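Numbering of the sequence shown is given in the working numbering, commencing with residue 244 and proceeding in unit increments. The structure appears right after this line, and notes come after that.
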Amino acid sequence: MAKKIGKLLGAVGNLLAIPDAIDAVKHVTDKATPIIEKELDRRHEHKKSLIQLDDVQHVPLDYAQKLLENRGFTVLPILAKAHPKYANERPLEVVAMHPRAGNYKPETLVKLYFVNEDIINQSNELKKTTTDNLANLQKNLAKPLDTLKKVKLPLGKKK
Numbered sequence: 244m245a246k247k248i249g250k251l252l253g254a255v256g257n258l259l260a261i262p263d264a265i266d267a268v269k270h271v272t273d274k275a276t277p278i279i280e281k282e283l284d285r286r287h288e289h290k291k292s293l294i295q296l297d298d299v300q301h302v303p304l305d306y307a308q309k310l311l312e313n314r315g316f317t318v319l320p321i322l323a324k325a326h327p328k329y330a331n332e333r334p335l336e337v338v339a340m341h342p343r344a345g346n347y348k349p350e351t352l353v354k355l356y357f358v359n360e361d362i363i364n365q366s367n368e369l370k371k372t373t374t375d376n377l378a379n380l381q382k383n384l385a386k387p388l389d390t391l392k393k394v395k396l397p398l399g400k401k402k
């Protein structure tokens, strides 16, 4: 009805339709407000239930394990595989962890990767062989480049 009156009266009729629109918006917001508040409360409670997981890399394994277990996490220490980046680490020290630092649910499984003397020795050997291989590769690549420098190409004028 308001539309018909609005068309008949022009701009004045449009002003008569505004209160109907305001009532419709008010009705929608009254219905949506409890749903939005419930969702916001649920998210807030979820965030409050999360526990801060600190970065414990380069920390002794026993200290890191006790710290995380006291905070409510399930800790699984795992011996890391030898890698050249572990050559300079200290024994029984955490070198990696999964998941990374952040906020997590209680009882989340945290894997702590650590190294011992054997892994450090293997890592040193890997590092040495890697540097030797790189040196040999560089030497092998330098020889063909030197021979290419000596090659003379016939770059003369066309006759």
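Backbone N, C-alpha and C define an ideal beta-carbon position, used for all residues, glycine too. As the structure is a computational prediction, the values presented were derived from the model and not from experiment.
Answer yes or no: do residue i and residue j have a C-beta to C-beta separation smaller than 8 Å?
i: Y329; j: I278; result: no
i: L236; j: N359; result: The chain is shown from 244 up to 402; residue 236 falls before or after that span and cannot be answered.
i: N346; j: Q295; result: yes
i: L304; j: P320; result: yes
i: Q300; j: A325; result: no
i: T351; j: T317; result: yes
i: P327; j: L369; result: yes
i: V302; j: V271; result: no
i: F357; j: A378; result: no
i: A267; j: D298; result: no
Using the DSSP secondary-structure output, state which residues sit across from residue i in a beta bridge.
i: K354; result: L319, H341
i: N346; result: Q295
Going by beta carbon distance, what residues of the same chain come within less than 8 Å of residue i, once the five residues before and after it are set aside?
i: R314; result: I294, Q295, L296
i: K290; result: N346
If I'm right that residue i touches residue j with Cβ under 8 Å, what's the distance once you round it to whole angstroms?
i: L355; j: Q308; result: 7 Å
### Query
Which runs of the beta strand (DSSP E) fall wholly inside the stretch 290 to 337 and span at least 3 residues, in chain order?
294 to 296, 317 to 322
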